[in-house]
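Participant:
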Amino acid sequence: MTCTDFLSQLTDYFDGKVDPQLLAEVQAHIRECRHCEVVLDTTRQTIAIYRENEIYEFPADLRERLHAAIMKKCNSAR
Amino acid sequence: MPAIQSPDTEEIHPDVALVARAKQGDTAAFEQLVRQYERQIFRVAQHITQNREDAEDITQDAFLKAYEKLEQFQGNSKFSTWLVRIAVNESLMRLRKRKTSKTVSMNEDVQTEDGSIPRDFAEWRPNPEQLYGQSELGDILRKTIQGLPPGFRTVFTLRDVENLSTEETAEALGLSVPAVKSRLLRARLQLRERLSRYFKQKNLEANS
Ligand SMILES: [Zn+2]
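Protein chains in written order, with our numbering: chain A, 75 to 152; chain B, 183 to 390.
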């Protein structure tokens, strides 16, 4: 398995959906290829960091204002 | 990492009843749906447009559209996916208006290899408490995602920030599953590349 082949399986690998026949090859590549091992790990970190950090604030006053505006629009559309 | 859903428990989503009541004209039921999803819709719009005022307008317009089109919602998909789809379309339309010269379309498959081929193989672990203030981390995460083409950004947002499944993301964007996967891979690799550069620099600074 080449590094390019490995990358093409990366998304399925995260989802646990790699074809069973391919999985052993993917796992072997991770053990043997330092670069792909790092890519796998740091891609996982990348996803986690975006999942764990709310990067845009949604303060209570904004929420209230927005909620009121939505309901006003909807009620006047009836 | 992924949540495993047991296939044999096909429960009825609580939204189904709310949507049914809202269709009958029950405003309180619709308001409940608004409450449940206003934050998510605002976040999606802000991630795609990168602009808070736009995101506010889009959130209002998306719920208004959903309200007006509620009769057309068949329940083949989740209500939230349907709502996200409306919000994504509104967001992309807004982006198109802003960028008069550049087309913004989910269908343009950006054929750039820029950043999609890994070049940085430094290991890193984010350790926000020790190394950076939360606001600096927020800045870098915002800047990094801003650098993605809108189509990639949108796929990444739905799949990895909002935790939609690949299939739901495809449905919300009107893309095929392979198209979602290809964009998602490139989005993740581009973000990884940029964050690697940043964290590597941070580690150097911390150790110097
Ligand atoms: Zn490799």
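For each residue, glycine too, the CB sits at the ideal point set by N, CA and C.
Does the beta-carbon of His229 (chain B), which I'm using as the reference point, lie nearer than 7 angstroms to any heavy atom of ligand 1?
Facilitator: For the purposes of this step, residue 229 (chain B) is taken as the residue at position 47 of the second sequence. Not so, every heavy atom of ligand 1 lies at least 7 angstroms from the Cβ.
Participant: Alpha helix (DSSP H) containing Lys363 (chain B): first to last residue?
Facilitator: In the second sequence, residue 363 (chain B) corresponds to position 181, counting from 1. Per DSSP, Lys363 (chain B) belongs to the alpha helix (DSSP H) from Val359 to Asn389.
Participant: Helix, strand or coil for Pro332 (chain B), going by three-state DSSP, please let me know.
Facilitator: Here residue 332 (chain B) refers to the residue found at position 150 when the second sequence is read from its first residue. Under the three-state reduction of DSSP, Pro332 (chain B) is assigned to helix.
Participant: Taking Cβ-Cβ distances shorter than 7 angstroms, what residues in chain A pair up with Glu213 (chain B)?
Facilitator: By one-based count along the second sequence, residue 213 (chain B) stands at place 31. Correct list: Met145.
Participant: Are Ala244 (chain B) and Leu265 (chain B) touching if we call contact CB-CB under 8 angstroms?
Facilitator: On the second sequence, residue 244 (chain B) is found 62 positions in, with the first residue counted as 1. On the second sequence, residue 265 (chain B) is found 83 positions in, with the first residue counted as 1. Taking 8 angstroms as the Cβ cut-off, Ala244 (chain B) and Leu265 (chain B) qualify as a contacting pair.
Participant: Assign Phe338 (chain B) to one of three DSSP states: helix, strand, or coil.
Facilitator: The residue you call residue 338 (chain B) lines up with position 156 of the second sequence. Helix at Phe338 (chain B).
Participant: Hey, is Met183 (chain B)'s beta-carbon within less than 8 angstroms of any beta-carbon in chain A?
Facilitator: On the second sequence, residue 183 (chain B) is found 1 positions in, with the first residue counted as 1. Reliability of the predicted coordinates at Met183 (chain B) is poor, the pLDDT of 48 falling under 50, and the value obtained from them is presented with this limitation in mind. Yes, Met183 (chain B) counts as interfacial toward chain A.
Participant: Going by C-alpha distance, which of B:Ala304, B:Thr351, B:Arg225 and B:Ile230 is nearest Glu128 (chain A)?
Facilitator: For the purposes of this step, residue 128 (chain A) is taken as the residue at position 54 of the first sequence. Answer by Cα proximity: B:Arg225.
Participant: Could you check if Pro332 (chain B) is buried or exposed, using at least 16 other CB atoms within 10 Å of its CB as the buried criterion?
Facilitator: To locate residue 332 (chain B), count along the second sequence from 1; it is residue 150. With 16 or more other Cβ atoms within 10 Å, it is buried.
Participant: Name the residues in the segment 196-226 of chain B whose C-beta lies less than 9 angstroms from a C-beta of chain A; which are they?
Facilitator: Gly207, Thr209, Phe212, Glu213, Val216, Arg217, Glu220, Arg221, Phe224 and Arg225
Participant: Can you tell me the Cα-Cα spacing of Ser317 (chain B) and Thr85 (chain A), whole angstroms?
Facilitator: By one-based count along the second sequence, residue 317 (chain B) stands at place 135. By one-based count along the first sequence, residue 85 (chain A) stands at place 11. Approximately 30 angstroms, taken between the alpha carbons.
Participant: Any heavy atom of ligand 1 closer than 7 angstroms to the CB of Phe80 (chain A)?
Facilitator: The residue labelled residue 80 (chain A) in the question sits at position 6 within the first sequence. Under cutoff, so the answer is yes.
Participant: Does any CB atom of chain A fall closer than 8 angstroms to the CB of Gln383 (chain B)?
Facilitator: Taking the first residue of the second sequence as 1, we reach residue 383 (chain B) at position 201. No, because no Cβ of chain A sits closer than 8 angstroms to the Cβ of Gln383 (chain B).
Participant: Kindly list the residues whose CB is nearer than 6 angstroms to the CB of Arg267 (chain B), restricted to its own chain and excluding five residues on each side of it in sequence; keep chain order.
Facilitator: In the second sequence, residue 267 (chain B) corresponds to position 85, counting from 1. Result list for Arg267 (chain B): Ala354, in chain order.
Participant: Under the assumption that Thr326 (chain B) contacts Leu377 (chain B) (Cβ atoms under 8 angstroms), give the Cβ distance between them as a whole number of angstroms.
Facilitator: Numbered from 1 along the second sequence, position 144 holds the residue referred to as residue 326 (chain B). Numbered from 1 along the second sequence, position 195 holds the residue referred to as residue 377 (chain B). That belief holds up - the Cβ atoms of Thr326 (chain B) and Leu377 (chain B) are roughly 6 angstroms apart, short of 8 angstroms.
Participant: Near Phe255 (chain B), what residues of its chain come up, given a Cβ to Cβ distance below 6 angstroms and the 5 sequence neighbours on each side ignored?
Facilitator: Taking the first residue of the second sequence as 1, we reach residue 255 (chain B) at position 73. Counting only Cβ-Cβ distances below 6 angstroms, and skipping sequence neighbours, we find Trp264.
Participant: Return no unless some Cβ of chain B is closer than 8 angstroms to the Cβ of Asp79 (chain A).
Facilitator: Position 5 of the first sequence, counted from the first residue, corresponds to residue 79 (chain A). When Cβ-Cβ separations below 8 angstroms define contact, Asp79 (chain A) makes no contact with chain B.
Participant: Using the beta-carbon of each residue, which ones in chain A are nearer than 9 angstroms to Arg276 (chain B)?
Facilitator: Within the second sequence, residue 276 (chain B) is the residue found at index 94, counting from 1. Within 9 angstroms Cβ-Cβ: nothing; Arg276 (chain B) doesn't reach chain A, min ~16 angstroms.
Participant: Figure out for me which residue from B:Gln206, B:Gly329 and B:Leu277 has the closest Cα to the Cα of Glu250 (chain B).
Facilitator: For the purposes of this step, residue 250 (chain B) is taken as the residue at position 68 of the second sequence. Answer by Cα proximity: B:Gln206.
Participant: DSSP on His103 (chain A), reduced to helix/strand/coil?
Facilitator: Start at 1 with the first residue of the first sequence, and residue 103 (chain A) comes out as number 29. Helix at His103 (chain A).
Participant: Hey, how far is the Cα of Ala304 (chain B) from the Cα of Leu81 (chain A)?
Facilitator: Your numbering for residue 304 (chain B) matches position 122 in the second sequence. Your numbering for residue 81 (chain A) matches position 7 in the first sequence. Here the C-alpha atom of Ala304 (chain B) lies approximately 17 angstroms from the C-alpha atom of Leu81 (chain A).
Participant: Starting from Trp264 (chain B), trace the alpha helix (DSSP H) both ways and give me its first and last residue.
Facilitator: Translated into the one-based positions of the second sequence, residue 264 (chain B) becomes position 82. Run containing Trp264 (chain B): Phe261 to Arg280, per the alpha helix (DSSP H) assignment.
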